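What follows is a set of notes on a single structure, which appears directly below.
In C-alpha cells, the structure reads:
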C-alpha cells in the first residue's frame, strides 16, 4: 500500500516490510507500515477496542482518539517513528508503534539505539498470536534502522502483554517503577528467540493445514446442474468417501426450485447456506474465481481448494491472475491449495475427506503424500493402490501458489497418523526453509523426495522459484545432509516408502539373503555390494523348498545377531509331482508373516518372480493397528505373539521399531528391493547420528573477531553499495579472513624481474613464481607455476623462462610467494546460492574436482561433524589419509579451516563467496596460498527473519 503524496518525502515507503503471516489459529493476516491514508481505518479500529484494552494502552480512560492523535499515529518517518498494522479484509485488527528515544526517554534520532514500543490488539483477535507476530516484525524493522533495544511500560494487570514480551526469547530486564512494569528487550536474536519463533511458525502453519484437511463442513462451488463436470465429480467423491461433516453444493445459476443436487443441499451462494463453512472447493472458470473467493471471504470460509485452471501455467496474464488470487484470499485470512490443483484426501476415520478428482479414496495407512503434479498424483495413487499401501493424507497442490510442501512438512512433523512423508516436487519456493523443516521432520520420521524439473530451464509453468547456480548433484548432497531420502523416480519413492512405512529401521547394513533360487540370490548379493551394504552369502533353500522351509529359514535369519535385515527371494517352487507351482502365494505369505511376527523386529523385504497372489497377500495387514517396540529399545527383540499396542506418539522414534500390521513389502526385481533397503540403512544411520548433533567448537569464539569483520565489510561496501557486489583485492581479502583466524600467505606482485628479486628477498627463499592471469591461474600443467626457487639466479632464470614461454609480464601478472610445506592441494569454497542458501564445499585441487566433479557439500552453518564428513565423503579422500604409503595429512587443521569459513559466511550474509585455492595440507598444519572473497549487500529478509509467507 503506497502512501499519499503528503507522506513525509524524507524516507520512501518501505514496501519490503509488508508481509503475509499465519496466525496461531491457522488464519492469515497482512502486516504493513501505517501511512497517512489510514486515518479512517485507525479510527474505526480504535472504536472496536474495549475500554479495558484502551486503558492498558494509555494508562487512563481514553474513549476516542483526537485529531492530533490520529495525525501522530499515521505520520511516520519510517526511521525514528514507525507504525505497523495487522489487517484482515483490509481493516486493522492490531497496531504497533515505536519511537526512538535517548537515555532520558525523550524523542531522539540516530545514533540513539533505543525505542519505546507499544501494542494494541482488537479484543476479538486477542489470543490468535497477533502481538507475538507483530513483535517479531517490529523488532526486525528496528534492527534495520539501527535500534538495538526496546523499552515498554506495561500495567501489572496487563498480563497478556507481559507474557508476549517474556515469551519472545530475547534477553530482557524487568523492573517495577511508578506503578508499572518497565521492560527492556535486547533485540539481538538469540538461540532461544529463534527457537521460539520457529516453534510458533510450526504450530501456526500446521494448524493452517489442519483446517484444510479436517473441516467440519465443505462447500463445492461450481457444481453442475447435470451429471458430469469437475464440481459434480468432487461432490460425488466427497459423498462416496463418507465425509463425516456437512456438504453443500453451490451454483449461482441454480433455478429457484432446485434445492438439492445428489441429495445434498444446493444454494446459489454461500450466504444462503445459513451456517459456517470451513472449506470451499472452487471448480468454476478462472474469470469467475474472484467472485467466488470474495463470497467465501465475506462468509468466514477458512480455506480454499482451487481446482480451476488458467493461471500461471498460461503465461504472463495467468501469472498476474494467480498473484491476485493469493492476495485476495489472504486478505480474508484464507489459505489456498492450488490453483490448478487435483485436490486433497484425508483418510482419518474422524474425517474421511476426499475433496479431489480421485474417484476412489485410497486405503487408510501411515504414508503422507504430497505432489505438485496432478498426473503424477494419479499415477502414485494407482501404484500405491496396486501394492496394497495405505495413505494418511494426499495433497496435489498444482501451481502451489500458497500452500506448499513446506506447510505439509510442518503438519506431518507431529501428525500421529503419518509415519512416512513422500513428496514429489517440481520446484522449491523456499529451499532454505525446506531444508530446515526436512531436517527436523527426518529426525522423527522418514522424508522421501523425488525432484522433477531438475535441469536448468525446466521449471514447470506456474512455479515462481529462485534460480539455482549449483548442480543437481549438489542439491542431492545437501538434501541427504538434512536426512532427506532423495530418489530419482516415483517408482523408487513408492519402493522406499513401502519399506519405511511397514518395516522397522535396520540397525546396520548386514543383510541375510535366503530363497529357493541360487541365481536370484547371487544377483541380490551383487546388488547389495553395489549399494554399499554388507550381504552375507546367500542361503539356497533349493527349488524344492516349501513355505515351511521359508518360515524356518527366515526365523533363523531374524534371530541371528549378526544380521540387520533380511531379503527373501522366491520363484515358483516344485511340487510333489515335479511341476512348478506358482499358484498359492498366500501360503508362502502366511509363512513369512508368521516368521516375521515371531522374530526380532528387523526389516524384511521379498523379491518374487511370477508367484501369483504373493505380493497381494504380503501387503495384506494381519492387524489393523501399528505394532511398536518401546522407543528406548530401537533394535531389541519384539515379544512373541500378537500384541495390542498403542499408536506411535508424535516425536517418538516413529517407524524405527514399527512393523505396521504385519505387511511385508514385495518387489518384482532384486535391484528395487535392495535399493529401498539401502536407503533405509543410510537413513537409519543418519538418524542415529542426528540424535547426537554436531556442534561448533568453543575455541572459535576466542579466535575470531566478528565485530572487526563487520566494520571492515561496512567500510568495503560503502554507504551506497553496488547491488551487484564487488570482489575484494588480495590484501582486502587477507585482512577480512584474518578476522576469522584464516591466514593467507602473502603474495607480492612481480611486474618485472627486479621486483621479483626484491619480493623474494622480503619473503625469504625458497619461493614460488606464479602467474595470476585468469587463463593460467592454478594451471601448473601449462607451466604457469615455478616452485622451489632457492636463489636469486634460479628466480631470474624462471622469470625469463616464464615470459619467453607464455607472454609479457603485463599479460601474465606474475607474483612471488614463499614456499609452503609440501602436502596435498585442496580447495575450500563457500557460496550463497539463491535457491539452496549458504553452501560449504571441499575437494582436491585440479582434475579431481574440476574434471570429475569430486566435490562434497554441506549447508552452512557447519558443525564439527559436518566438517569431518565433508573431507571424508569425496571419492579421493584416501589421498588425505596416507594412500599408497604417503604420510597422512593434518585433517584436524583442515576441519578447523572449514569451520572458520562456515562461521564467517554464517555471521556475515554480505560475504557471498569465499574461495581458498590452493589450500596445501601438510602432515603438520596447512597453508592457504590463494584467496578470493566477494561481498554484496545482504538480502532484506532471509530464513532468519520474522515469520512470513512467500510474497506474490
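In this note's numbering, the protein residues as written are 188 to 1139. Even glycine gets a Cβ: it sits at the ideal position worked out from N, Cα and C. Nothing here was measured: the structure is a model prediction, and the numbers come from that model.
Applying the criterion that 16 or more other CB atoms from any shown protein chain within 10 Å of the CB defines a buried residue, is residue 1194 buried or exposed? Outside the modelled stretch of the chain, which goes from 188 to 1139, sits residue 1194, for which no answer is possible.
Reduced DSSP category for residue 894 - H, G, I as helix; E, B as strand; rest coil
Mapped onto the chain shown, residue 894 falls at position 707. DSSP, reduced to helix, strand and coil, places residue 894 within a helical segment of the structure shown.
Just list the alpha helix (DSSP H) runs in the region 340–386, keeping only unbroken ones of 4 residues or longer that don't cross its boundaries, in chain order.
Contiguous alpha helix (DSSP H) elements confined to the region 340–386 occur at 346–353, taking only those with 4 or more residues.
Check: What are the boundary residues of the beta strand (DSSP E) that residue 806 is part of?
Finding: As a working mapping, residue 806 is identified with position 619 in the chain shown. Where residue 806 is concerned, there is no enclosing beta strand (DSSP E), although the alpha helix (DSSP H) it sits in stretches over 801–806.
Which stretch, first to last residue, makes up the beta strand (DSSP E) that contains residue 917?
Locating residue 917 in the chain shown gives position 730, counting from the first residue. For residue 917, no beta strand (DSSP E) encloses it; the enclosing alpha helix (DSSP H) starts and ends at 917–925.
For residue 829, which residues in the same chain have their Cβ closer than 6 Å to its Cβ, ignoring the five residues on either side in sequence? On the chain shown, position 642 is the one that residue 829 refers to. Note that residue 829 scores a pLDDT of 32, beneath 50, so its modelled location is shaky and nothing firm can be said.
Item to complete: Figure out for me which residue from 605, 619, 311, 671 has the closest Cα to the Cα of residue 629.
Response: For the purposes of this step, residue 629 is taken as residue 442 along the chain shown, with counting starting at 1. Considering only alpha carbons, the answer is 671.
Worksheet item: Do three or more CB pairs link the region 734–754 to the region 882–892 at distances below 8 Å?
Response: Because the criterion of three Cβ pairs below 8 Å is not met, the region 734–754 and the region 882–892 do not touch.
Check your understanding: Can you give the beta carbon distance from residue 286 to residue 236, rounded, assuming they're within the 8 Å contact cut?
Key -> Indexing the chain shown from 1 puts residue 286 at position 99. Indexing the chain shown from 1 puts residue 236 at position 49. With 8 Å as the limit, residue 286 and residue 236 do not qualify as a contact, their Cβ atoms being about 20 Å apart.
Practice prompt. On the DSSP bridge assignment, give the partners of residue 913 in chain order.
Written response: Looking up residue 913 in the chain shown gives position 726. In the DSSP output, where bridge partners are listed per residue, residue 913 has 1122.
Check: What is the DSSP secondary structure of residue 224, counted as helix, strand or coil?
Finding: As a working note, residue 224 is residue 37 in the chain shown. In the structure shown, residue 224 sits in a helix (DSSP, three-state: H, G or I).
Can you list, in chain order, the residues of its chain with a C-beta nearer than 6 Å to that of residue 1133? Leave out the 5 residues immediately preceding and following it.
Reading the chain shown from its first residue, position 946 is the one you call residue 1133. So the qualifying residues of the chain are 323, 324, 327.
If you follow the alpha helix (DSSP H) that residue 1135 is part of, which residue opens it and which one closes it?
Taking the first residue of the chain shown as 1, we reach residue 1135 at position 948. Taken as a continuous stretch (DSSP letters only), residue 1135 belongs to no alpha helix (DSSP H), as it is neither H nor E.
What first and last residue would you give for the alpha helix (DSSP H) that runs through residue 705?
-> The count along the chain shown starts at 1 and reaches residue 705 at position 518. Per DSSP, residue 705 belongs to the alpha helix (DSSP H) from 705–717.
Q) What's the call for residue 261, buried or exposed, on a 16-neighbour Cβ count within 10 Å? A) By 1-based counting over the chain shown, the position of residue 261 is 74. Buried, by the Cβ-count rule.
Check: residue 556 by DSSP, collapsed to three states: which one?
Finding: Numbered from its first residue, the chain shown carries residue 556 at position 369. When DSSP states are grouped into helix, strand and coil, residue 556 belongs to the strand group.
_Which same chain residues end up closer than 7 Å to residue 716 when comparing Cβ atoms and leaving out the 5 residues on each side of it in sequence?_
Within the chain shown, numbered from 1, the residue matching residue 716 stands at position 529. These residues qualify, in order along the chain: 722.
### Query
Bridge partners of residue 1044, per DSSP?
The residue you call residue 1044 lines up with position 857 of the chain shown. According to the DSSP secondary-structure assignment, residue 1044 is paired through a beta bridge with 1028.
Tell me which residues share the same chain as residue 914 and place their Cβ nearer than 6 Å to its Cβ, disregarding the 5 neighbours each side in the sequence. Your numbering for residue 914 matches position 727 in the chain shown. Sequence-distant Cβ neighbours of residue 914 in its own chain, meaning closer than 6 Å and more than five residues away, are 1121.
Nearest to residue 677 (by Cα), restricted to the options 537, 668, 572, 563 = For the purposes of this step, residue 677 is identified with residue 490 of the chain shown, where counting begins at 1. Among 537, 668, 572, 563, the Cα nearest to that of residue 677 is on 563.
### Task
Look up residue 532 in the DSSP assignment and say whether it is helix, strand or coil.
Numbered from 1 along the chain shown, position 345 holds the residue referred to as residue 532. Note: residue 532 maps to strand in three-state DSSP.
**Prompt:** If you count every other CB in all the chains shown that lies within 10 Å of the CB of residue 219, and 16 or more means buried, which is it?
**Reply:** To locate residue 219, count along the chain shown from 1; it is residue 32. By the beta-carbon neighbour count (other beta carbons within 10 angstroms, threshold 16), residue 219 is buried.
Q.
Can you list, in chain order, the residues of its chain with a C-beta nearer than 6 Å to that of residue 232? Leave out the 5 residues immediately preceding and following it.
A. In the chain shown, counting from the first residue as 1, residue 232 sits at position 45. Contacts found: 279.
Practice task
Count the other CB atoms, across all protein chains shown, that sit within 10 Å of the CB of residue 350; report buried if there are 16 or more and exposed otherwise.
Solution key: Within the chain shown, the letter at position 163 stands for residue 350. Exposed, since its Cβ has fewer than 16 Cβ neighbours within 10 Å.
Looking at the structure shown, is residue 796 part of a helix, part of a strand, or coil, going by DSSP? Taking the chain shown and counting its residues from 1, one reaches residue 796 at position 609. Correct three-state label for residue 796: coil.
Counterpart residues of residue 722 in DSSP-defined beta bridges
Looking up residue 722 in the chain shown gives position 535. The partner list for residue 722 (beta bridge, DSSP) reads 698.
| message | For a quick check, are the C-beta atoms of residue 594 and residue 341 less than 8 Å apart? | response | As a first step, residue 594 must be located in the chain shown, where it is residue number 407. As a first step, residue 341 must be located in the chain shown, where it is residue number 154. No, they are not a contact pair.
Would you mind stating whether residue 969 and residue 955 have Cβ atoms separated by less than 8 Å?
Within the chain shown, numbered from 1, the residue matching residue 969 stands at position 782. Within the chain shown, numbered from 1, the residue matching residue 955 stands at position 768. No, they are not a contact pair.
Residue 277 classed as buried or exposed, judged by whether at least 16 other C-beta atoms fall within 10 angstroms
Counted from its first residue, the chain shown places residue 277 at position 90. Exposed.
Quiz item: How would you label residue 577, buried or exposed, when you count the other beta carbons within 10 angstroms and need 16 or more for buried?
Solution: Within the chain shown, residue 577 is the residue found at index 390, counting from 1. Buried: at least 16 other Cβ atoms inside 10 Å.
| Per DSSP, residue 448 forms a beta bridge with which residues? | In the chain shown, counting from the first residue as 1, residue 448 sits at position 261. Paired residues: 451.
Under the rule that 16 or more other beta-carbon atoms within 10 Å means buried, what is residue 1114, buried or exposed?
Mapped onto the chain shown, residue 1114 falls at position 927. Classification of residue 1114: buried, given that the 10 Å Cβ count is 16 or more.
- Could you check if residue 301 is buried or exposed, using at least 16 other CB atoms within 10 Å of its CB as the buried criterion? Here residue 301 corresponds to residue number 114 of the chain shown, with the count starting at 1. Classification for residue 301: buried.
Start-to-end residues for the alpha helix (DSSP H) that takes in residue 255: Position 68 of the chain shown, counted from the start, is the residue given in the question as residue 255. Where residue 255 is concerned, the enclosing alpha helix (DSSP H) starts and stops at 254–261.
In angstroms with no decimal places, state the Cα-to-Cα distance between residue 345 and residue 1135. Here the question's residue 345 lines up with position 158 in the chain shown. Here the question's residue 1135 lines up with position 948 in the chain shown. Inter-residue distance for residue 345 and residue 1135 is about 27 Å (C-alpha atoms, whole angstroms).
### Task
Could you tell me if residue 1161 is buried or exposed, where buried requires 16 or more neighbouring beta carbons within 10 angstroms of its beta carbon?
Outside the displayed span of the chain (188 to 1139) sits residue 1161, for which this structure offers no information.
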